[in-house]
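*Asks:* In UniProt numbering, the protein residues as written are 1 to 327. Glycine included, each C-beta is placed from N, C-alpha and C at the ideal position.
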């Protein structure tokens, strides 16, 4: 405003008007400048407040969206890192243990149950667990809280806990030590324990019993069932998987060898000897049945002669395991 006042003053001087006419006007302008100065402080504060409110709104909106994403991920289970794969379409000898275990897991009178299914490699433990996972009644009972974790020979609790968090759509934690992982596991189970839980720990090896205990000791106050598969007995929870009957073993072998579809020239006693060497182990029956499919009788007899010098068809457990990921 100063240039404007100066211009008016110069004009009045040029017109020879009295200075008293300007004094009142200048005072009014001065007071106006002072008032504008005071108001500008409040304007700046108001602008800063508006900016802060916008930042808070954006931050809150972002957090809300993150929460919504977390809920959506949890509801849809988009990660799927702890989901069981589909079981084989053809199985023999698992119907009875399937029904027994299913009823055990669905019982309401025992809210916390831990069961360890034990059997040698290749006997169908993992297949049995997968069948239970995919059963409609089981899925209807435990809904999105069916968790399938493959433990294997050298388990890492940190990785297992991270997989569980990822599967449920939660932010994946990092750990400084094993105690931190145990704490996170406890928090996880308490959070999802608002609903019934079914946890599968597949292929637990000897020496990993303490890992199973960590999951058992962190039981939330809800219906919490744990099913463990292992080739090694864990006496406290053991549920041995019974071997196949002779008929069941023959059914598996014939299915894989397709005896009913073209290999009818093999004598029954030869087939029975081959099946006998498989020790009623489903995986061995499948492997040998498939390898002999369509082969001439002399090949069968040659293999039988070779196996007669061995205690088993497969010389080591390692050969059986390398043939399939099923335990």
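Of the residues 243, 214 and 297, which one's Cα is nearest the Cα of residue 284?
*Replies:* If we check each option's Cα against that of residue 284, 243 comes out closest.
*Asks:* Give me the Cβ distance between residue 166 and residue 149, rounded to the nearest whole Å; I'm assuming they're in contact under 8 Å.
*Replies:* Not quite, the Cβ-Cβ distance comes to about 12 Å (not below 8 Å), so this is no contact.
*Asks:* Please state whether DSSP places residue 296 in a helix, a strand or coil.
*Replies:* Note: residue 296 maps to coil in three-state DSSP.
*Asks:* Once you ignore the five residues that flank residue 105 on each side, which residues in its own chain have a CB closer than 6 Å to its CB?
*Replies:* Answer for residue 105: 225, listed in chain order.
*Asks:* By the DSSP assignment, the alpha helix (DSSP H) with residue 290 in it spans what residues?
*Replies:* Element bounds for residue 290: 282-291.
*Asks:* Within a Cβ cutoff of 6 Å, which residues of the same chain sit near residue 147, ignoring the five residues on either side of it in sequence?
*Replies:* The answer, listed in chain order, is 82 and 199.
*Asks:* Determine the direct distance from the alpha carbon of residue 128 to that of residue 138, and round the result to whole angstroms.
*Replies:* The straight-line gap from Cα to Cα measures roughly 13 Å.
*Asks:* Roughly how many angstroms lie between the CA atoms of residue 119 and residue 152, to the nearest whole one?
*Replies:* Taking the straight line from one Cα to the other gives about 15 Å.
*Asks:* Residue 309 by DSSP, collapsed to three states: which one?
*Replies:* Here residue 309 sits in coil by DSSP.
*Asks:* Which runs of the beta strand (DSSP E) spanning at least 3 residues fall entirely within the UniProt domain "NB-ARC" (95-231), listed in chain order?
*Replies:* 112-118, 146-152, 197-204 and 224-230, all fully within the UniProt domain "NB-ARC" (95-231).
*Asks:* Among 281, 288, 299 and 252, whose alpha-carbon lies nearest the alpha-carbon of residue 90?
*Replies:* Answer by Cα proximity: 252.
*Asks:* Check whether the Cβ atoms of residue 282 and residue 123 sit closer than 9 Å, and answer yes or no.
*Replies:* In contact: residue 282 and residue 123 (Cβ atoms closer than 9 Å).
*Asks:* Under three-state DSSP, which class holds residue 240?
*Replies:* The answer is strand: DSSP assigns residue 240 an E or B state.
*Asks:* Exposed or buried, which one is residue 289 when buried takes at least 16 other CB atoms within 10 Å?
*Replies:* Buried.
*Asks:* Please identify the residue among 272, 307, 254 and 276 whose C-alpha is closest to the C-alpha of residue 294.
*Replies:* Checked all of 272, 307, 254 and 276; the closest Cα to residue 294 is 254.
*Asks:* For residue 236, tell me which candidate among 291, 181, 115 and 103 has the shortest Cα-Cα distance.
*Replies:* Checking every option, the nearest Cα to that of residue 236 belongs to 115.
*Asks:* Could you pull out every residue in the same chain whose Cβ sits closer than 7 Å to the Cβ of residue 286, ignoring the five residues on either side in sequence?
*Replies:* Hits under 7 Å: 252 and 256.
*Asks:* Output the distance between the C-alpha atoms of residue 211 and residue 157, rounded to the nearest integer angstrom.
*Replies:* Distance between the alpha carbons of residue 211 and residue 157 is about 8 Å.
*Asks:* Tell me the rounded alpha-carbon separation between residue 193 and residue 110.
*Replies:* If you take the alpha carbons of residue 193 and residue 110, they lie about 15 Å apart.
*Asks:* Hey, how far is the Cα of residue 214 from the Cα of residue 182?
*Replies:* For residue 214 and residue 182, the distance between alpha carbons rounds to 7 Å.
*Asks:* Looking only at C-alpha atoms, which of 229, 279 and 291 sits nearest to residue 205?
*Replies:* When each option's Cα is compared against that of residue 205, the closest is 229.
*Asks:* Evaluate residue 296 with the Cβ neighbour count: other Cβ atoms within 10 Å of its Cβ, from every protein chain shown; 16 or more gives buried, anything less gives exposed.
*Replies:* Residue 296 comes out exposed.
*Asks:* Residue 256 by DSSP, collapsed to three states: which one?
*Replies:* In this structure, residue 256 counts as helix in the three-state DSSP scheme.
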